[in-house]
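Have a look at the structure below before the remarks.
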Amino acid sequence: MNLLDLFRHQTDLQALPAGQVLFKEGERGNFMYVLMSGTAEIIVRNRVMETAEAGTIVGEMAIIDDSARSATVLAKSDCKFLPIECDRFTFLVQQKPEFALHVMRVMAARLRRTDAIL
Numbered sequence: 026m027n028l029l030d031l032f033r034h035q036t037d038l039q040a041l042p043a044g045q046v047l048f049k050e051g052e053r054g055n056f057m058y059v060l061m062s063g064t065a066e067i068i069v070r071n072r073v074m075e076t077a078e079a080g081t082i083v084g085e086m087a088i089i090d091d092s093a094r095s096a097t098v099l100a101k102s103d104c105k106f107l108p109i110e111c112d113r114f115t116f117l118v119q120q121k122p123e124f125a126l127h128v129m130r131v132m133a134a135r136l137r138r139t140d141a142i143l
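In our numbering, the protein residues as written are 26 to 143.
Spelled out as structure tokens, the structure:
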């Protein structure tokens with residue numbers, strides 16, 4: 026699923042300059058985000074686990090299970106993120122089942138990469 030196409034008309038983007046943190050591991054999270062432009066690092070326990078590019082989702086676990094963030098997201102270049110709050114996430118899951126499948130696939134891929142590292 027191409028999230029850049031799905032959200033191409035959205036204007037409520039959050040700009041984040043290079044070197045700034047979107048959120049930190051251990052914080053509470055009320056939003057997940059779609060990286061609309063730029064690159065960002067996903068860091069777990071001070072280790073870069075993934076370099077995210079436009080179209081990547083971040084923060085999905087905290088919105089799904091209402092727990093603390095499992096990672097830190099750091100902008101490597103100037104970024105624009107689309108915030109998705111819980112109600113919008115629920116709406117997307119209900120109205121676009123392919124969105125829910127996309128989120129599950131992202132989570133499964135990240136878990137497999139983490140398993141391979143361990």
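Yeah, the Cβ is synthetic: ideal placement off N, Cα and C, and Gly gets one too.
Practice problem: Please state whether DSSP places PHE56 in a helix, a strand or coil. | Solution: Your numbering for residue 56 matches position 31 in the sequence shown. Note: PHE56 maps to strand in three-state DSSP.
Exercise. Specify whether the segment 75-89 and the segment 47-56 touch according to this definition: at least 3 beta carbon pairs, one from each stretch, less than 8 Å apart.
Key: yes
Quiz item: Any idea if ARG94 is buried or exposed, counting beta-carbon neighbours within 10 angstroms, 16 or more meaning buried?
Solution: The sequence position of residue 94 within the sequence shown is 69, counting from 1. By the neighbour-count rule (16 or more Cβ atoms within 10 Å), ARG94 is buried.
Exercise. Please say whether ALA43 and ASP140 have beta carbons closer to each other than 8 Å?
Key: Here residue 140 is taken as the residue at index 115 of the sequence shown, counted from 1. Here residue 43 is taken as the residue at index 18 of the sequence shown, counted from 1. It is not a contact, given that the beta carbons lie outside the stated cut-off.
Self-check item: Counted within 10 angstroms of its Cβ, other Cβ atoms place PHE124 as buried (16 or more) or exposed
Solution: Here residue 124 corresponds to residue number 99 of the sequence shown, with the count starting at 1. PHE124 should be labelled buried.
Practice problem: In the DSSP assignment, find the unbroken alpha helix (DSSP H) run with ALA125 in it and report its ends. | Solution: Along the sequence shown, one-based indexing puts residue 125 at 100. It spans 122-142 - the alpha helix (DSSP H) in which ALA125 sits, taken as one unbroken run.
Quiz item: What span of residues does the alpha helix (DSSP H) with MET74 cover, start to end?
Solution: Against the sequence shown, residue 74 aligns to sequence position 49. No alpha helix (DSSP H) holds MET74; the beta strand (DSSP E) holding it covers 72-77.
Quiz item: Can you name the start and end residues of the alpha helix (DSSP H) that ALA87 belongs to?
Solution: Locating residue 87 in the sequence shown gives position 62, counting from the first residue. Per DSSP, the continuous alpha helix (DSSP H) segment holding ALA87 begins and ends at 85-90.
Quiz item: If you follow the beta strand (DSSP E) that LEU99 is part of, which residue opens it and which one closes it?
Solution: Residue mapping note: residue 99 aligns to position 74 of the sequence shown, counting from 1. That run of the beta strand (DSSP E) goes 97-100.
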